[in-house]
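Numbering-wise, this note's numbering comes out as the position in the sequence shown, counting from 1, plus 13.
Every residue gets a Cβ at the ideal spot worked out from N, C-alpha and C, and that includes glycine.
Take a look at the structure set out below.
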Amino acid sequence: MNLENTVKYHFAKSTLISDSPRATASDSLTGTDIMAAMGMTQERAAMGYSAFLGKMGISRNDRERAIALLSEYALTKCDKVAALRKLGDEVKAQVMRQLATFAFEDYSRSAASVKQCDCCAGQGFIEADVFSMKTSMSGCAKDIIQKSKKWGLKVIPSQHQDRRQVKEVARVLCSTCKGKKVVSCACNDCRGRGKAVDQEETKKQGVPVFANCKRCSGRGHERIPSTEAYAAVCQITGAITVATWEKSVKHFYDQLITKFDIEEAWAEAQLKQITR
């Protein structure tokens with residue numbers, strides 16, 4: 014039994030909580046067995062299991078627990094980075110919490126995820142310059158038209174009108190998100206598939222050849238730019254410069270993201286061992 018199979022037990026559609034019906038598998042796990050297995054996995058691999066549940070959107074509490082556990086782990090490792098070691102204890106804890114939060118968001122992102130539209134800042138509408146044609150008529154022109162009609166003369170009102178183009182600022186529907194306020198995180202090149210046509214190999218072989226997408230490196234989605242994490246850290250402390258971030262702190266931040274993947278793999282290994 015792997016972690017993905019546990020998701021359905023959190024959204025059960027029937028009272029049968031089992032991998033397969035008892036009629037076809039007398040040795041299938043009972044509901045009690047599954048609940049016990051998930052509890053034991055949570056005990057043995059708390060960070061990995063909580064991170065997985067948080068990533069799947071099952072529990073907000075598990076998301077917060079995974080971030081808290083990673084923050085504690087980061088505090089035990091951050092002194093290896095000189096720039097982080099120099100921070101005060103209170104500031105250091107806040108920075109680790111911020112890095113852990115961004116690490117979780119990056120870890121949990123997928124091609125199905127959405128993010129706030131940058132074009133409209135999540136409003137769905139933007140302010141744009143709208144040009145319209147305005148017409149006006151002077152009092153003298155109105156008198157001429159009235160007298161002409163009175164005398165039975167043919168008058169074309171548009172010939173006596175003044176036209177001018179007016180620029181106005183109006184709220185219009187955001188063209189990027191179409192008013193949805195969010196956009197997809199899927200890679201624009203491979204559309205979330207992780208594979209794209211290799212143009213060079215396709216020309217050589219004469220048939221479509223697919224390879225890992227170069228833009229997303231086969232992930233199928235865009236990663237959260239590390240500059241966003243750095244900007245959040247700068248709101249806490251100004252002691253970390255851009256050069257220091259790029260040289261050492263960014264590498265530490267990437268390790269935190271990888272830590273979630275490692276812990277999830279460990280949680281899955283523990284679950285398989287318990288349910289085998």
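Between residue i and residue j, how many whole angstroms is the CB-CB distance? I'm expecting something under 8 Å.
| i | j | result |
| --- | --- | --- |
| M60 | E281 | Not quite, the Cβ-Cβ distance comes to about 13 Å (not below 8 Å), so this is no contact. |
| A113 | I71 | Not confirmed; about 19 Å, so no contact. |
| A295 | A224 | With the chain covering only 14 through 289, there is no way to say anything about residue 295. |
| S197 | V127 | 6 Å |
| V185 | F138 | 7 Å |
| I287 | A58 | At roughly 11 Å, the Cβ-Cβ gap does not stay under 8 Å, so I287 and A58 are not in contact. |
| F265 | L83 | Actually they are not in contact, since the Cβ atoms of F265 and L83 sit about 12 Å apart, beyond 8 Å. |
Please report how far the alpha carbon of residue i lies from the alpha carbon of residue j, in whole angstroms.
| i | j | result |
| --- | --- | --- |
| T250 | Q268 | 21 Å |
| L97 | E118 | 22 Å |
| A38 | A124 | With a pLDDT of 47 at A38, under the threshold of 50, the modelled position of that residue is not reliable, and the figure given next carries that caveat. Taking the straight line from one Cα to the other gives about 36 Å. |
| R236 | I270 | 11 Å |
| E140 | P238 | 27 Å |
| T240 | E56 | 35 Å |
| A36 | T43 | No answer about A36 holds up, because its pLDDT of 48 lies below 50 and its placement is not dependable. |
| K285 | F65 | 15 Å |
| K180 | C187 | 19 Å |
| Q283 | T54 | 6 Å |
| E214 | P221 | 8 Å |
| L166 | K155 | 14 Å |
| C200 | M150 | 55 Å |
Using only CA atoms, which one of the options lies nearest to residue i?
| i | options | result |
| --- | --- | --- |
| Q111 | Q248, L16, K272, G192 | Q248 |
| G205 | R57, C229, A183, L186 | C229 |
| Y86 | V185, M109, R73, S188 | M109 |
| T89 | R78, K105, Y22 | K105 |
| E93 | Q286, A278, V262 | Sequence check: residue 93 is Lys here, not Glu. Out of Q286, A278, V262, V262 has the C-alpha closest to the C-alpha of K93. |
| S121 | G67, Q178, C226, K155 | G67 |
| A183 | S145, L16, K216 | S145 |
| K99 | A278, R289, T257, D211 | T257 |
For chain C, check one thing: does any of its Cβ atoms lie closer than 8 Å to the Cβ of residue i?
| i | result |
| --- | --- |
| Y243 | Absent here is chain C; the protein component of the structure consists of one chain. |
Just list the residues that DSSP pairs residue i with in beta bridges.
| i | result |
| --- | --- |
| D75 | DSSP lists no partner for D75. |
| I139 | V185 |
| V255 | Paired residues: none, contrary to the question. |
| F291 | A question about residue 291 goes unanswered here, because the residues of the chain that appear run from 14 up to 289. |
| S84 | Partner(s): none; S84 has no beta bridge. |
| D175 | S149 |
| K208 | N225 |
Would you mind reading off the limits of the alpha helix (DSSP H) that contains residue i?
| i | result |
| --- | --- |
| G18 | Position check: residue 18 holds Asn in this sequence, whereas Gly was assumed. Element bounds for N18: 16 to 23. |
| Q107 | 102 to 121 |
| A244 | 239 to 247 |
| K163 | 152 to 163 |
| K263 | 263 to 288 |
| S63 | 59 to 68 |
| A199 | First-last for A199: undefined, no H or E at that position. |
| R232 | Looking at the DSSP string, R232 is not in any alpha helix (DSSP H), and its letter there is neither H nor E. |
| A124 | Run containing A124: none; DSSP gives neither H nor E here. |
| R98 | 95 to 98 |
If I follow the unbroken beta strand (DSSP E) through residue i, where does it start and stop?
| i | result |
| --- | --- |
| K217 | Run containing K217: none in the beta strand (DSSP E); it sits in the alpha helix (DSSP H), 212 to 218. |
| K128 | 127 to 129 |
| A224 | 223 to 225 |
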